[in-house]
Amino acid sequence: MQTEERLAAYKRDGYTVFPKVFGDRLMDAWKAAYSSIVERQTPPGQEDPTLWLRSTLEYEPKLFLPAVAHPTLLDFAERVLGPFVQMDNLTFMAFPSMPKQEAEGRASGWHRDIWAYKPTHGEYVPPLACNAITYMQDLTEAYGPLRVIPGSHRSGISITKDESGKPHRDEIIVPLKAGDVVFTHAALYHSGTPNCSGHPRYFFSLYYNKSWLKCRDNHNGPAVQMIVEAARQNEDRRLMRLFGQDPLLYARANSGFSRDDEDMWQEWIEEDRRALKQQTPIGLDRWQ
Ligand SMILES: O=C(O)CCC(=O)C(=O)O
9 MQTEERLAAY KRDGYTVFPK VFGDRLMDAW KAAYSSIVER QTPPGQEDPT
59 LWLRSTLEYE PKLFLPAVAH PTLLDFAERV LGPFVQMDNL TFMAFPSMPK
109 QEAEGRASGW HRDIWAYKPT HGEYVPPLAC NAITYMQDLT EAYGPLRVIP
159 GSHRSGISIT KDESGKPHRD EIIVPLKAGD VVFTHAALYH SGTPNCSGHP
209 RYFFSLYYNK SWLKCRDNHN GPAVQMIVEA ARQNEDRRLM RLFGQDPLLY
259 ARANSGFSRD DEDMWQEWIE EDRRALKQQT PIGLDRWQ
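Residue numbers (the numbering used here): 9 to 296.
Structure below.
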């Protein structure tokens, strides 16, 4: 699909699917790393293991940088957020399987994502944040499909706590294969589905937000700072910005706003491309 067509569909529906962004070798390596990161993120003395992994890039930078800085995802994120894309949070989770009778007829929980808002009119408003969700297995009925309410990022629809665990009359199931990425608008209502496959349901949320907002992941650790330093050497502004460093932020965020935002964004995106000395290696080629 051409980018303009994809962007138009995203603005209309609140999401778009990029097929097969990640290959099997890379996804196998992520799955193999999961339990060791769980062990390292579980505080000593805590009985239950920490299954929701956060700040994951710091733990395995070589494995996760190819995901976080994937050019297909960053190119699209810049079209949606402008050249103000920050890595808010990389969540990695293996949802345990549950008995079929407990999962049947249930949604995991309808919600809009962090930094969203409840729309007050039907026009598209660029989000403050986007979720790039990927699953490491085909999302069959048993693994628990992703449900979305198309257009709910442009509608004041609300789902009460009582309705949150149930399928919704306006939902659609997004057909997703292992390695596909569904890129959502923060205000899109969506829900997973409980896993009853008998196997873990591996899932990644690469969450990007505007670079002037706070971020949930800690980018100050030595591994992420090494990436920032390599990006600085290369004048790779986009990669630096992903982890909180943007010398141009105040000039661009205080531009006077006399021109269309998307036109300005495009100029700045091209300026950043010209500044780049060479592509900073993100290790993606090793896995292809
Ligand atoms: O579990 C899922 O499929 C949905 C994930 C989700 O809701 C989220 O990342 O915000």
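Built from N, CA and C at the ideal position, the CB exists for glycine as well. Nothing here was measured: the structure is a model prediction, and the numbers come from that model.
To which residues of the same chain is residue i closer than 6 angstroms at the C-beta, ignoring the five residues directly before and after it?
| i | result |
| --- | --- |
| Val189 | Phe26, Val29, Ala140 and Thr142 |
| Pro153 | Leu147, Ile181 and Thr201 |
| His2 | Since the first residue shown for the chain is 9 and the last is 296, residue 2 is missing from the structure and cannot be characterised. |
| Ala102 | Tyr42, Pro208 and Tyr210 |
For residue i, report the span of its beta strand (DSSP E) as first-last.
| i | result |
| --- | --- |
| Lys218 | Arg209 to Lys218 |
| Thr24 | Tyr23 to Phe26 |
| Thr80 | Not the beta strand (DSSP E): Thr80 falls in the alpha helix (DSSP H), residues Pro79 to Leu89. |
| Leu154 | Leu154 to Val156 |
| Tyr143 | Ala137 to Tyr143 |
| Ile290 | Segment: none, Ile290 is in no beta strand (DSSP E) and carries neither H nor E. |
| Val182 | Ile180 to Val182 |
| Val190 | Val189 to His193 |
Sorted by chain position, which residues of the same chain lie with C-beta nearer than 7 angstroms to residue i's C-beta, five sequence neighbours on each side aside?
| i | result |
| --- | --- |
| Tyr151 | Gln145, Asn203, Ser205 and Arg209 |
| Gly164 | Lys126, Pro127 and Thr128 |
| Gly173 | Arg114, Ala115 and Gly117 |
| Ala186 | Met35, Tyr143, Met144, Gln145 and Asp146 |
| Ala85 | Val93, Cys138 and Tyr216 |
| Pro74 | Leu34, Ile290, Gly291, Leu292 and Trp295 |
Does the distance between the C-beta of residue i and the nearest non-hydrogen atom of ligand 1 fall short of 7 angstroms?
| i | result |
| --- | --- |
| Leu61 | no |
| Ser213 | yes |
| Leu136 | no |
| Leu154 | yes |
| Asn226 | no |
| Ile141 | yes |
| Ser116 | yes |
| Asp268 | no |
| His193 | no |
| Gly173 | no |
| Ser199 | yes |
| Asp188 | no |
| Asp96 | no |
| Asp293 | no |
| Asp121 | yes |
Looking at the unbroken alpha helix (DSSP H) that takes in residue i, where does it start and where does it end?
| i | result |
| --- | --- |
| Met95 | From DSSP, Met95 is part of no alpha helix (DSSP H) but of the beta strand (DSSP E) over Val93 to Phe103. |
| Ala41 | Asp32 to Gln49 |
| Ile165 | No alpha helix (DSSP H) holds Ile165; DSSP gives it neither H nor E. |
| Ala261 | Leu257 to Ala261 |
| Phe72 | Pro69 to Val76 |
| Val236 | Pro230 to Gln241 |
| Lys222 | Careful: Lys222 lies outside any alpha helix (DSSP H) and carries neither H nor E. |
| Leu61 | Neither: Leu61 is in no alpha helix (DSSP H) and is coded neither H nor E. |
| Gln109 | Lys108 to Ala111 |
| Pro278 | According to the sequence as given, residue 278 is Glu; it is not Pro. Taken as a continuous stretch (DSSP letters only), the alpha helix (DSSP H) holding Glu278 covers Asp269 to Ala283. |
| Leu247 | Arg245 to Leu250 |
Go through its chain and collect everything with a Cβ distance to residue i's Cβ below 8 angstroms, but skip five positions before and after it.
| i | result |
| --- | --- |
| Pro69 | Ala231, Val232, Met234 and Ile235 |
| Pro51 | Thr58 |
| Thr11 | Asp83, Phe84 and Arg87 |
| Lys19 | Tyr132 |
| Asp280 | Pro91, Arg245 and Arg246 |
Query raised in the report: Looking at C-beta atoms only, is the number of pairs between the stretch 104-114 and the stretch 214-234 that lie closer than 8 angstroms three or more?
Result: The stretch 104-114, when compared against the stretch 214-234, does not touch it at the 8 angstroms Cβ threshold.
Query - Three CB pairs or more closer than 8 angstroms across the stretch 18-25 and the stretch 191-199 - result: Verdict: yes, contact present.
Report task. Please confirm if the stretch 79-95 is in contact with the stretch 234-244, defined as three or more CB-CB distances below 8 angstroms between the two stretches. Result -> With contact defined as three or more Cβ pairs closer than 8 angstroms, the stretch 79-95 and the stretch 234-244 are not in contact.
Report task. Check whether the stretch 39-49 touches the stretch 250-265, counting contact only when three or more Cβ pairs, one atom from each stretch, lie closer than 8 angstroms. Result -> In this structure the stretch 39-49 does not touch the stretch 250-265; the number of beta carbon pairs closer than 8 angstroms is below three.
Query raised in the report: Would you call the stretch 53-66 and the stretch 276-283 in contact, with 3 or more CB pairs under 8 angstroms?
Result: Contact between the stretch 53-66 and the stretch 276-283 is absent, because fewer than three Cβ pairs lie under 8 angstroms.
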